[in-house]
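*Asks:*
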Amino acid sequence: MAGASRRGGVGQGEALAAWCLWALMAAAVLATYARVEPFELYHVSREGLAGGASRALVLANFPISLVAIALVLIAAAALPRRAWWLAAPAIALCAVTAWPGVVDQGDLDARPVNVLPALGVALALVLTVAAVRRAGPGFAPPLPGDAVRLVLAVIVLVASLPWLSAELGYHLPGDVFLGEEVPAGETLAAVHLGHHHGTDGALLLLTALFLSRVRPAGALRPWLTGYVGLMAAYGAVNATQDLWTEQVFKRGWVAWRIPSALEPRLEAVWIAVLLLAVGAAALIHVEQRRGRPALPA
3 MAGASRRGGV GQGEALAAWC LWALMAAAVL ATYARVEPFE LYHVSREGLA
53 GGASRALVLA NFPISLVAIA LVLIAAAALP RRAWWLAAPA IALCAVTAWP
103 GVVDQGDLDA RPVNVLPALG VALALVLTVA AVRRAGPGFA PPLPGDAVRL
153 VLAVIVLVAS LPWLSAELGY HLPGDVFLGE EVPAGETLAA VHLGHHHGTD
203 GALLLLTALF LSRVRPAGAL RPWLTGYVGL MAAYGAVNAT QDLWTEQVFK
253 RGWVAWRIPS ALEPRLEAVW IAVLLLAVGA AALIHVEQRR GRPALPA
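The sequence shown begins at 3 in this note's numbering and counts up one residue at a time.
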């Protein structure tokens with residue numbers, strides 16, 4: 003049965019889908035940053051395979067390590083309580099990413115400290131593999147919001163086309179989206195080659211759509227629901243901000259830019275993130291209450 007485990011825990015289908023999504027992105031970043039010259043990219047200086055590995059390591063910090071925290075919670079719901087001896091250090095290592103300066107948007111070359119969150123991601127993957135062995139790769143049963151999830155996913159993917167092309171090291175052809183055009187007063191293309199925080203936002207939102215289907219029982223459920231709601235809100239705001247900047251502001255249609263929401267600040271944009279997070283978590287909670295009973299942890 004979908005979502006049921008071999009031993010009564012939470013199936014790991016949604017978690018595996020998230021791992022595959024981010025593995026594909028990491029592979030694209032590794033290949034593109036190894037091939038494209040740094041001056042065409044954003045705030046990196048290393049070339050060749052070293053440049054690709056460096057940027058992929060930073061990607062493992064932000065945002066993959068933040069996604070990995072949710073994946074640890076999902077894996078822990080399918081494992082015995084003793085698994086927390088590994089789950090707790092994994093979460094702690096992943097959370098190092100949030101420490102100021104660990105990931106610097108002004109300098110995206112890897113540094114030794116970036117190894118710590120990457121180790122947390124590796125531990126999270128180990129836990130997911132163990133959870134699959136115990137609970138299986140099943141997906142949660144159909145939920146009332148799955149049709150909405152599908153529609154949102156299609157919208158996000160269409161809006162992400164210029165970023166996804168840039169991730170592969172090419173500008174998206176055609177005239178619908180800005181791409182290789184260089185706006186007045188700037189030196190980089192409207193959509194520079196390489197990785198974008200808009201891509202991070204879009205993939206965080208897609209990941210949240212996957213993981214919001216998971217409903218563990220017990221004390222883990224509210225933590226996972228709240229965290230996934232925050233992931234969805236943070237991803238949606240950052241994707242919208244980057245899309246607005248590149249496709250609206252840089253065309254000269256408006257003179258106002260949506261402020262950056264990459265780092266938490268006492269600003270209106272982060273009030274919006276938190277309000278959206280509360281709303282997303284509430285929607286997940288209501289949907290899950292109307293769905294099938296929670297699976298035992």
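Beta carbons are placed, not taken as given, at the ideal position from N, Cα and C, and that holds for glycine. Everything numeric in this text was worked out from a predicted model, so none of it was measured.
DSSP on Gly15, reduced to helix/strand/coil?
*Replies:* Here Gly15 sits in helix by DSSP.
*Asks:* For Asp106, name the three-state secondary structure that DSSP assigns.
*Replies:* Asp106 falls in the strand class under three-state DSSP.
*Asks:* Assign Pro146 to one of three DSSP states: helix, strand, or coil.
*Replies:* Pro146 falls in the coil class under three-state DSSP.
*Asks:* Check whether the segment 51 to 58 touches the segment 218 to 235, counting contact only when three or more Cβ pairs, one atom from each stretch, lie closer than 8 Å.
*Replies:* The segment 51 to 58 vs the segment 218 to 235: no contact.
*Asks:* Need the endpoints of the alpha helix (DSSP H) that Phe251 sits in, please.
*Replies:* Phe251 -> no alpha helix (DSSP H), and no H or E assigned at all.
*Asks:* Can you give me the start and stop residues for the alpha helix (DSSP H) that Arg259 sits inside?
*Replies:* Arg259 -> no alpha helix (DSSP H), and no H or E assigned at all.
*Asks:* Glu169 lies in the alpha helix (DSSP H); which residues open and close that run?
*Replies:* 163 to 169 is the span of the alpha helix (DSSP H), which, as asked, contains Glu169.
*Asks:* Where Ala284 and Ala29 are concerned, what is the direct C-alpha to C-alpha distance, given to the nearest angstrom?
*Replies:* Their Cα atoms are separated by approximately 34 Å.
*Asks:* Between His199 and Ala168, which are expected to be in contact by the criterion C-beta below 8 Å, what is the C-beta distance as a whole number of angstroms?
*Replies:* In fact, because the Cβ distance is near 12 Å, the residues do not count as touching under 8 Å.
*Asks:* Please report how far the alpha carbon of Arg84 lies from the alpha carbon of Ala149, in whole angstroms.
*Replies:* Their Cα atoms are separated by approximately 37 Å.
*Asks:* Could you tell me how far apart the beta carbons of Gly181 and Ala192 are, in whole angstroms, since I believe they sit closer than 8 Å?
*Replies:* Going by Cβ atoms, the distance from Gly181 to Ala192 rounds to 6 Å, so yes, they are a contact pair.
*Asks:* Nearest to Arg267 by CA position, among Glu289, Tyr236, Arg291, is which residue?
*Replies:* Selected option, being the one with the closest Cα: Tyr236.
*Asks:* Within 10 angstroms of its Cβ, does Glu39 collect 16 or more other Cβ (buried), or is it exposed?
*Replies:* That one is exposed.
*Asks:* So, with DSSP's three-state summary, where would you put Thr189?
*Replies:* It is coil, neither helix nor strand.
*Asks:* Judging by CA-CA distance, which residue of Ala70, His197, Val98, Val134 is the nearest neighbour of Leu2?
*Replies:* Summary: the structure shown does not reach residue 2, with the chain confined to residues 3 through 299, and so no result is reported for it.
*Asks:* Tell me the rounded alpha-carbon separation between Leu118 and Asp106.
*Replies:* Straight-line Cα distance between these residues: approximately 15 Å.
*Asks:* Do the CB positions of Ser67 and Val123 come within less than 7 Å of each other?
*Replies:* Going by C-beta atoms, Ser67 is nearer than 7 Å to Val123.
*Asks:* According to the neighbour-count rule (16 or more other Cβ atoms, all chains shown, within 10 Å of its Cβ), is Pro164 buried or exposed?
*Replies:* Burial call: buried.
*Asks:* Have a look at Leu211 and Cys22 and give me their C-alpha separation to the nearest angstrom.
*Replies:* Distance between the alpha carbons of Leu211 and Cys22 is about 14 Å.
*Asks:* Could you check whether the segment 94 to 108 touches the segment 63 to 78, counting it as contact only if at least three pairs of C-beta atoms, one from each stretch, sit closer than 8 Å?
*Replies:* The segment 94 to 108, when compared against the segment 63 to 78, does touch it at the 8 Å Cβ threshold.
*Asks:* Within the same chain, show all residues whose beta-carbon is closer than 6 Å to that of Leu17, passing over the 5 residues directly before and after it, in chain order.
*Replies:* In the sequence under discussion, the amino acid at residue 17 is Ala, which differs from the Leu named in the question. Excluding sequence neighbours, Ala17 sits near Leu73, Ile76, Thr130.
*Asks:* According to DSSP, is Ser47 helix, strand or coil?
*Replies:* Residue state, collapsed to three classes: coil.
*Asks:* So, are the CB atoms of Leu213 and Val239 less than 7 Å apart?
*Replies:* No, the Cβ-Cβ distance between Leu213 and Val239 is not below 7 Å.
*Asks:* Looking at the secondary structure, which residues open and close the alpha helix (DSSP H) in which Leu95 lies?
*Replies:* Residues 86 to 97.
*Asks:* With distances taken from CA atoms, which of Ala112, Leu125, Arg113 is nearest Trp339?
*Replies:* Given that the chain is displayed from residue 3 to residue 299, the structure contains no residue 339 and the question cannot be resolved.
*Asks:* Would you mind reading off the limits of the alpha helix (DSSP H) that contains Glu289?
*Replies:* Note, Glu289: alpha helix (DSSP H), 270 to 292.
*Asks:* Exposed or buried, what is Trp24 when buried is set at 16 or more other beta-carbons lying within 10 Å of its beta-carbon?
*Replies:* Classification for Trp24: buried.
*Asks:* Sorted by chain position, which residues of the same chain lie with C-beta nearer than 8 Å to Arg292's C-beta, five sequence neighbours on each side aside?
*Replies:* Answer for Arg292: Pro146, listed in chain order.
*Asks:* Look up Gly54 in the DSSP assignment and say whether it is helix, strand or coil.
*Replies:* Helix.
*Asks:* Tell me which residue opens and which closes the alpha helix (DSSP H) that Leu211 is part of.
*Replies:* Here the alpha helix (DSSP H) through Leu211 covers 199 to 213.
*Asks:* Just tell me which of Val46, Arg223, Cys96, Val153 has its CA closest to the CA of Ala112.
*Replies:* The shortest C-alpha separation from Ala112 is found at Val46.
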